[in-house]
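A.B. asks: Once you've had a glance at the structure underneath, I'll fire off some questions.
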Amino acid sequence: MCLRWFVVLWLVSCATLASHQQHHQQQQEHQQQHHHQEQQQEHQQQYQQHQHQQQQQEHQQQHHQQQQQQQQQQQEHQHHHQQQQQQQRSLRRRHQRHELDRPHQWATRPFRSLVEGAAGATGAAGAAHAGDIPWPVKREAVVEGDLILGGLMMVHEREESVTCGPVMPQGGVQALEAMLFTLDVLNADPALIPNVTLGAHILDDCDKDTYGLEMAVDFIKGRARLLCTPAHTLF
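Under mature numbering (1 follows the signal peptide of the UniProt record, and there is no 0), residues -20 to -1, 1 to 215 are what the sequence shown spells out, in order.
Set out below in structure tokens:
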């Protein structure tokens, strides 16, 4: 009888011990899985942080490159604008000497002052100035040379008191300056056109129908500038 109870107790103890060992093993496996998952999550977070830092660095580099490009473009634009201004001032100084004889008392005044005095004055003074200027006033630019190139350009605005008003900043004056500048460049290098000096005879239609038609006919026929009297330079 005692032996039987002893066997039963031993079997129960063995079963209990096996159950505890199995439970302990399951806990260890669960802890290992949990630790492995935590490591994976940590590695994934580190990888995401690394990618985010790389993206930020690339974005900063792109932004820095864009700023450098913008600054370079602004500098090039400013340099180009300064060159254009210098060329325009040089053209005005260079071609102011190519003036025709003027029959009235304002012959030595610049063109802008002449137009402002005629079209902008008011009252008795304005009437006196307007009476001093023959009508219609015709404009032309002349550059002496062996081979004369012609041109018809809208340089001035429409004006009722005189044929030609003020200079149009966005009008034919840009084409006129480009043409005169090209002549200067070609004439400055004897190797381009040997033994020949290029000149120009440029008429201005002044945005007036009848006057523009007359100047167009003069341009097509190639009339000499002495037929356009009284004559003035375009500047």
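All residues carry an ideal CB built from backbone N, CA and C; glycine is no exception.
1. Secondary structure at D169, three-state DSSP: helix, strand or coil?
2. In three-state terms, what does DSSP make of residue 219?
3. For L127, count neighbouring C-beta atoms within 10 Å of its own C-beta (all shown protein chains included) and say buried if the count is 16 or more, exposed if not.
4. Under three-state DSSP, which class holds H78?
5. Between the alpha carbons of Q17 and C(-7), how many angstroms are there, rounded?
6. Less than 6 Å between C-beta atoms, sequence neighbours within five positions excluded: which residues of the same chain meet that for A204?
7. Between L163 and L178, is the Cβ-Cβ spacing less than 8 Å?
8. Do L166 and E120 count as a contact pair if the criterion is CB distance below 8 Å?
9. Identify every residue that forms a DSSP beta bridge with R(-17).
10. Look up D184 in the DSSP assignment and say whether it is helix, strand or coil.
11. Mind checking who H136 pairs with in its DSSP beta bridge?
12. Secondary structure at G131, three-state DSSP: helix, strand or coil?
13. Run the CB neighbour count on G130, radius 10 Å, all protein chains shown included, and call it buried at 16 or more, exposed below.
14. Could you give the distance in angstroms between the alpha-carbon of H(-1) and the alpha-carbon of Q20?
15. Determine the DSSP secondary structure at R89, reduced to helix, strand or coil.
16. So what does V122 bridge to, in DSSP terms?
17. To the nearest angstrom, report how far apart H32 and Q48 are at their CA atoms.
C.D. replies: With the given structure in hand:
1. The residue you call residue 169 lines up with position 189 of the sequence shown. Coil at D169, not helix or strand.
2. With the chain running from -20 to 215 in the structure shown, residue 219 is simply not present.
3. Here residue 127 corresponds to residue number 147 of the sequence shown, with the count starting at 1. When all chains shown are included, L127 counts as exposed.
4. If you number the sequence shown from 1, residue 78 lands on position 98. Unreliable placement is indicated for H78, whose pLDDT of 38 sits below 50; the coordinate value is still reported in the next sentence. Here H78 sits in coil by DSSP.
5. Sequence index remark: in the sequence shown, residue 17 carries index 37 (1-based). Sequence index remark: in the sequence shown, residue -7 carries index 14 (1-based). So the alpha carbons of these two residues sit roughly 35 Å apart.
6. The residue labelled residue 204 in the question sits at position 224 within the sequence shown. Note that A204 scores 46 on pLDDT, short of 50, meaning its location in the model is unreliable and no value can be drawn from it.
7. The residue labelled residue 163 in the question sits at position 183 within the sequence shown. The residue labelled residue 178 in the question sits at position 198 within the sequence shown. Yes. Within cutoff.
8. The residue labelled residue 120 in the question sits at position 140 within the sequence shown. The residue labelled residue 166 in the question sits at position 186 within the sequence shown. No.
9. One-based indexing of the sequence shown puts residue -17 at position 4. Answer by DSSP bridge pairing: none, since R(-17) is not bridged.
10. If you number the sequence shown from 1, residue 184 lands on position 204. In the structure shown, D184 sits in a strand (DSSP, three-state: E or B).
11. For the purposes of this step, residue 136 is taken as the residue at position 156 of the sequence shown. Per DSSP, V147.
12. Along the sequence shown, read from residue 1 onward, the residue named residue 131 stands at position 151. Strand.
13. Position 150 of the sequence shown, counted from the start, is the residue given in the question as residue 130. Counting Cβ neighbours within 10 Å, G130 comes out exposed, since fewer than 16 surround it.
14. Residue mapping note: residue -1 aligns to position 20 of the sequence shown, counting from 1. Residue mapping note: residue 20 aligns to position 40 of the sequence shown, counting from 1. Approximately 30 Å between the Cα atoms of the pair.
15. For the purposes of this step, residue 89 is taken as the residue at position 109 of the sequence shown. Caution applies to R89, whose pLDDT of 31 falls short of 50 and renders its modelled position unreliable; the model cannot decide the point.
16. Residue numbering aside, residue 122 sits at position 142 when the sequence shown is read from its first letter. In DSSP, V122 forms a bridge with H181.
17. Walking along the sequence shown from the start, residue 32 turns up at place 52. Walking along the sequence shown from the start, residue 48 turns up at place 68. Their Cα atoms are separated by approximately 24 Å.
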